[in-house]
Every structure is written in structure tokens, then in C-alpha cells.
Amino acid sequence: MSKSRVIEGEHEKLSSQTDKMPAKQEDLLTPSPQPVQSDVPVDDRRYIRSGILFLLLTLGGFSLWAGFVPLSSALISSGEVMVDSYRKSIQHYEGGIVKNILVRNGDKVAAGDPLIQLDTTQWDADRDATQKRLLNTQAELERLRAQQRFDTNLTFSDNLLQEAKKSQDISNVLKQQRQLHTASMSAFMQEQQALGARVEQINQQVSGYEQQRSILEQQITSLDEEQKAFDTLFKEGLGDGQRARELNRQLLQRQNEKARNESEIARLKLQATEAELQQATRKQDFLKEIGERIKQTQADYFDLQERIRVAEDKVRRATIRAPEKGIVVDLQVHTLGSVATPGQTLLDLVPEKDQFVVEAKIMTQDINELYKGQLADIRFSAFNHGKTKVIEGEVVLVSADRLLNERDGMPYYLARIRVTDKGYSEMDESMQLKPGMPAEVMIRRGDRTLFSYLLKPLADSFARGLKE
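When we follow the working numbering, the leftmost residue of the sequence shown carries the number 2, and every step to the right adds one.
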């Protein structure tokens, strides 16, 4: 039997039972008739006017609010917490072999504490060799200065004598310099003595000729007087002509000898002058040569002094020390005997007591509204969101020129925002800033109305359209 037939049978039973019920029960089941209400006409214009008035008041109030009530605006950018003086990258100029690693990541160090020790074997050898060259040059310089003073005895300074006691090499250097000094001064003095002896010999010859000249002058005077007396007798007819001629011949002979004598004296004096000039010239040349050698040796001495300072500085800097108090991070060397290349960053040092700032990248079109001293709101998203607060900050630096993002090449201006004293007072003890912590920066740039926000793009577009 189908389900439809069963349902029809059930309905027939129910209808038959209903017909058999008493009238009272039928009345209870049948609802009583309700009176019919007629429709009453209603005037809805009053409601329409009220609605329009409400809309006008709402629109007017919104317009007044949008046109006159200022809204705070801000430059929004993401940032990162940095140490005010940045992380200190510890490097070594020359590099070298790592001899000892004295710190680990996370270690706290004070200013001047040793961090890494490099091997100094080569630098020590260079310094010692340069030191010996310096002492050798100093000994040579002292010898030349003694020769410049024409000192026959060479006396070295106390520091050279002390070094000679410590090192046989320096002792041999001083011995060699003494030998050179003795040989040089002996050669010079012998040459000067030879020239002096020649001058003395010439002067003695001149003295002998001058004595001969004096005798000749006396003879000439005597013969001249005798000739004059004989001429007087000869004029009176008492003298002999032969005797007169003999006296005249003797007088001429003495005068001739005197002339040769004076010529020889002049020649000898010229030779003496030349010998004296040669002696003075040789002395002057000796001093000039010594002076030039002193100048060159002194320049070498100063150069070696600077090299000693450089060598000592290398040895001193082989112990790499902390420039200030901080925490060691990003240690790059871990193996003893490894090679640190010149200029390699060995580790970074985060200053412990330095002030923190937030570095934010500002779009170039907003630079006109960014200036030093501008207040900002900072949110540190790394803190618990339930405790996150808006911290007051202040712009302390704006980059002088735009920079380029290394990732996407987009230009930006760098702004550094420092948490103000008020901002620090609003921070809980649990809110401790750490380098690298992300932050959201909202730099306050003044108040503007809503209409100003909405109409500015249209006004700019309209202005560009008129120019085109």
C-alpha cells in the first residue's frame, strides 16, 4: 500500500471525529469573528519635511565640521631602533695572524679591554731591524758632526754607549765609526799641514829675497853716491873716465839684480797666496761635503725615527682593544692562527650606555614638511600589544641629501627620532629598547581640514591642467 493512501485514510478519520464533537467544543475550536476596521487617510508631508530638514542639518553640520574643524596629520613611516652613535665595527688596518681571541658574543667589555690579539713576530723583527739602523745612523751623524767641529777625538752619546754594551752589533758599529773618523780627520789634517808647510816655505823664500833686496838697495845707494862724487871730480878734470864707466856699470848691475829680486818676491808671494787659497778652499770643500752628508744622514735619521714609531704602533695595535664600554656582537673570527685580512670587520660593539634613536625613511615628496625639532609619535610593535603605548619622540636629524635604498633603489630622506624625556617617563620598566627593534613613526606635521585633504588632489590636477 502506498503512503498517499495511508495519509488519505487518516484525514477521513479526523474529519469524522470532528463532526461527532459537541457544539460547545466546536465553538471553542472556531475563532470568534473580529470587527473590520476601515482605513483612515494619513498626511505624510509633515514626515517628509522633517526628514529633509534633518538631512540638511546633518549635511550642513558635516560641511562645517569638514571645512573648519582641523584634523591632525602626520608623516607615517616604519623605522628601526638604533644606537645613537651606531654599532662600532672593530677592524684592523693591516690585518694579521690571529694569536688569541679574548671575548665571545654577548660579553660585556669596558673601554680599553683587549678583544683580539694578533701575532707580532714579523712586526717585532721589523721594529728591531729599524732600531739598529737608527742607532747606526745616529753614530754616523755624531761622527760627521765631530768632523764638522774638527774634533780629533770622537765621543759618542750615552745612549749609544749603553746600547753598545747590550748589543755586539752596535759595539762593532761604534768601532767602525771611530776608524772612519780617524782616517778621515788624518787625511784632512795631513793635507792641511802640507799646504801650510808649503805656504811657510814660500814665506821663508820671500823673506830671504827681501833681505837680498835690502842689501842690493844699500849697494845701489853706495854706488850712486860714489858715482855722483866721481862725476864732480870728473867735471873738474881730476877724475878718470874709465873709473866713471866702471861705477856706472856696477850701479846698473845692482839695479838689475834688485829688479830680478823684486820679481821673484812677487812670484813667491803669489804662490803663497795660491797655497793659502787652496788650503782655505780645501777646508771649505771639506765642510761643505760634511754638511751635505750631515743633511742626508739627518734626513735618514728622522725617517727611521718615523718608521720606528710606525713599527711600535703596529705592535701596540696588534692587541685590539674596545674603544668604549659595550657588548660584543657578531664576532667574525673563531679560529686561532686564522688570517684577518686588512680592514676586515672582526666584531661589532654595541655601546651599553648610549642613547637609542629610531631611524625612519621618509619619502622625498614629504621632505618639505620635515624639520629638526619636530615632534613625533612612536609605537614599538615588539612590545606586548596589550601594553603598547604611543611614545613621544623628537626629530633630531634630517639627512642633508636624499639617499638610495639598497634593496629597491628608491630615494628617501633619513630621519632620526629620539625619545623625549616625556616619552621615557611614559614607558614601563618592561619596555626596554634594543638595537634593531622595529618601530612605527608618525611625525606630526600640523593640522588640516577634511576638505583640504579631499580637495588638494583636485586642485593640483586642475592646476596642472591649466598649465598644459
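Glycine is no exception: its CB is placed at the ideal position from the N, C-alpha and C atoms. Just so you know, these numbers come straight off a predicted model, no measurement behind them.
Item	Value
Using a Cβ-Cβ cut-off of 8 Å (strictly less than) and excluding sequence neighbours within five positions of Pro-343, which residues of its own chain qualify?	His-93, Tyr-94, Glu-95, Gly-96
Just mark Val-41 as buried or exposed, buried being the case when its beta carbon has 16 or more other beta carbons within 10 Å.	Low confidence applies here, because Val-41 scores a pLDDT of 49, under 50, leaving its location unreliable and the question unanswered by this model.
Can you tell which of Glu-360, Thr-282, Lys-373 has the C-alpha that lies nearest to the C-alpha of Val-84?	Glu-360
Cβ atoms of Val-351 and Gly-374: under 8 Å apart, would you say?	no
Going by DSSP, what residue range makes up the alpha helix (DSSP H) through Ala-130?	122-149
What's the C-alpha gap between Phe-157 and Glu-143?	7 Å
Where does Ala-416 sit, in a helix, a strand or coil, going by DSSP?	strand
Return the first residue and the last residue of the beta strand (DSSP E) that Ala-361 is part of.	357-363
Please check the pair Ala-440 and Phe-381, which I expect to be a contact at CB under 8 Å, by giving their CB distance rounded to whole angstroms.	5 Å
Could you give the first and the last residue of the continuous beta strand (DSSP E) run that contains Ala-377?	376-380
Which stretch, first to last residue, makes up the alpha helix (DSSP H) that contains Asp-349?	It is not in any alpha helix (DSSP H) - Asp-349 instead sits in the beta strand (DSSP E) that spans 346-352.
Consult DSSP for Asn-160 and reduce its assignment to one of helix, strand or coil.	helix
Give me the Cα-Cα distance between Thr-320 and Tyr-425, rounded to the nearest whole angstrom.	39 Å
Find the nearest neighbour of Leu-253 within the set Gln-279, Ile-221, Ala-276, Thr-282, judged by alpha-carbon distance.	Ile-221
Put Thr-320 into one of helix, strand or coil per three-state DSSP.	strand
So, does the region 102-121 touch the region 268-279, judging by three or more C-beta pairs under 8 Å?	no
Can you grab the Cα-Cα spacing for the pair Lys-167 / Val-329, in whole Å?	44 Å
My understanding is that Gln-251 touches Leu-224, with C-beta atoms under 8 Å, so please give their C-beta distance in whole angstroms.	5 Å
Quick check: what's the CA-CA separation for Val-506 versus Asp-304?	Residue 506 is absent from the model: the chain starts at 2 and stops at 469.
Start and end of the beta strand (DSSP E) containing Lys-89?	89-92
Going by DSSP in three states, Met-83 sits in which element: helix, strand or coil?	strand
Do three or more CB pairs link the region 414-425 to the region 49-63 at distances below 8 Å?	no
Looking at the strands, I want to know which residues DSSP matches up with Val-340.	Ile-98
Of the residues Arg-199, Gly-197, Phe-151, which one's Cα is nearest the Cα of His-182?	Phe-151
Quickly, what does DSSP pair Leu-398 with across the bridge? List them, please.	Arg-417
Kindly indicate which three-state DSSP category Lys-390 falls into: helix, strand or coil?	coil
By DSSP's criteria, Ile-444 is part of a beta bridge. Which residues make up the other side?	Leu-76, Ala-377
Give me, in chain order, the residues of the same chain whose beta-carbon lies closer than 6 Å to that of Ala-165; leave out the 5 immediate sequence neighbours on both sides.	Ile-171, Ser-172, Leu-175
What residues in its chain sit with their C-beta under 6 Å from that of Ala-147, if we drop five residues either side in the sequence?	Leu-155
Give a yes or no on whether the C-beta atoms belonging to Leu-337 and Asn-106 are separated by under 8 Å.	no
Shortest alpha-carbon distance to Val-399 belongs to which of Asp-120, Asn-369, Glu-407?	Asn-369
On the three-state DSSP scale, how would you describe Lys-109?	strand
With distances taken between CB atoms, is the gap from Thr-346 to Glu-141 smaller than 8 Å?	no
Give me the DSSP bridge partner(s) of Ile-117.	Ile-102, Ile-321
Based on the DSSP output, what are the partners of Ile-328 in its beta bridges?	Lys-109, Val-351
What is the rounded straight-line gap between the Cα of Val-99 and the Cα of Gln-306?	28 Å
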